[in-house]
Structure formats: structure tokens, C-alpha cells
Amino acid sequence: MLPSSPLSSTAKNNIEAIARFEQELHESRSTVERIGGRIAGFFGSLWFIAAHAIAVIVWVALNIGMLINFEAFDPYPFPLLSLVVGIEFILLTTFVLMNQNLQSRRQEKWGHLTLQISLLTEQEVTKNMQMLHKICSRLGLEDESGADLESKDMARTTPLAELVQEIEKAREPSKSDPR
1 MLPSSPLSST AKNNIEAIAR FEQELHESRS TVERIGGRIA GFFGSLWFIA
51 AHAIAVIVWV ALNIGMLINF EAFDPYPFPL LSLVVGIEFI LLTTFVLMNQ
101 NLQSRRQEKW GHLTLQISLL TEQEVTKNMQ MLHKICSRLG LEDESGADLE
151 SKDMARTTPL AELVQEIEKA REPSKSDPR
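Residue numbers for the sequence shown follow our numbering, beginning at 1 and rising by one.
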């Protein structure tokens, strides 16, 4: 008999849902984004480095007469090569920036999903805490001295707007901070 999977069916379902979400993000790319991604992928590969190195070596060798003896088409100090490399740099930078924008949008979507799940989890935990307090109260297990103020505080609904304001206030540099 094969050993059962160490992952629960819930974990497997979550993995499948995440994979579907990733696939939807991948398929929703525009044609320009797909082309830009392929080009950026090629620019970031060893094949590109090898092709680039070979092209520059051949260019230089031809222009100093090492391979074939003919008049140089790009004499010293290789102004045409500099132009080609400069244009290539501009294009490469553009494709990399396009790819980063796509990655940024993808990260933003994942961030929103993570935030939503965190908020739902917080709400569910708060409801569970509230139900536990009611059960304990009904069974007479509640501490009359009020010693467990922290759990009672955790059972309160978290006010998001106030939480964001407190975080922003805490992140502000103090007046004595030289930043």
C-alpha cells in the first residue's frame, strides 16, 4: 500500500487554487507583455551573453583586420559599435522595466489577496473568541476577577481604520529624528 500524502486535502485544494490564480494571471497578459517577457527572458540568459560576446568579438576582429583583410566598416574607436550597444541598452532597459511593471502588478494582486485572507482570518478568529467567551460564560467557567483581560480584548472586533492610523503614526519620524 502506498503511503498517504503528508498534505491534507485542504492544503492540496489551496495549492490548486493558487496554481489556477497564477495561470489566470499568466494568461491575462497582453501580447506586448508576452513579447516583452520573452525578450527580457532572453536578455537575462547565458545564450544572450554568449551571442553578445561573439558578436562584439567578431565586430572588433573584422574592423581591425584579424579575420579577413578588408577595409574596416567601423574604424577605431568603433563609433558604430558604440551606437548599436547604446540602442541595445535602451531597448534592454525598456524591456526590463516592462517586465518589472508586470511583476509589480502581479505582486499587487497577490498582496490584495493576502490582505483579504488576513482580514477574513482575523474576523473568523474574533468570532471564535466571542463564541468561546459565551460558552465559558454559560458553563460558569468565566473568571470573575477579570484577570484574562487580554483574551477579552482580543475578542473585540479590530477597527481597521484606527489600526491603519496607529501604524502610520508609529511610522512617522519623530521631530528629534534627523532623517
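From the three backbone atoms N, C-alpha and C, an ideal C-beta is built for every residue, glycine too.
All values reported here derive from a predicted model rather than from experimental measurement.
- Residue 95 is classed as buried because its beta carbon has at least 16 other beta carbons within 10 Å across all chains shown.
- The C-beta distance from residue 133 to residue 152 rounds to 7 Å, short enough to fall under 8 Å.
- A direct Cα-Cα distance of roughly 43 Å separates residue 40 from residue 124.
- With contacts defined as CB atoms closer than 9 Å, residue 48 and residue 63 fail to qualify as a contacting pair.
- Counting the other Cβ atoms within 10 Å of the Cβ of residue 99 gives 16 or more, which makes it buried.
- Per DSSP, reduced to three states, the secondary structure at residue 34 is helical.
- With contact defined as three or more Cβ pairs closer than 8 Å, the segment 10 to 27 and the segment 82 to 97 are not in contact.
- Annotated three-state conformation of residue 111 is helix, per DSSP.
- Residue environment analysis places residue 65 among the exposed positions, since fewer than 16 neighbouring C-beta atoms fall within 10 angstroms of its C-beta.
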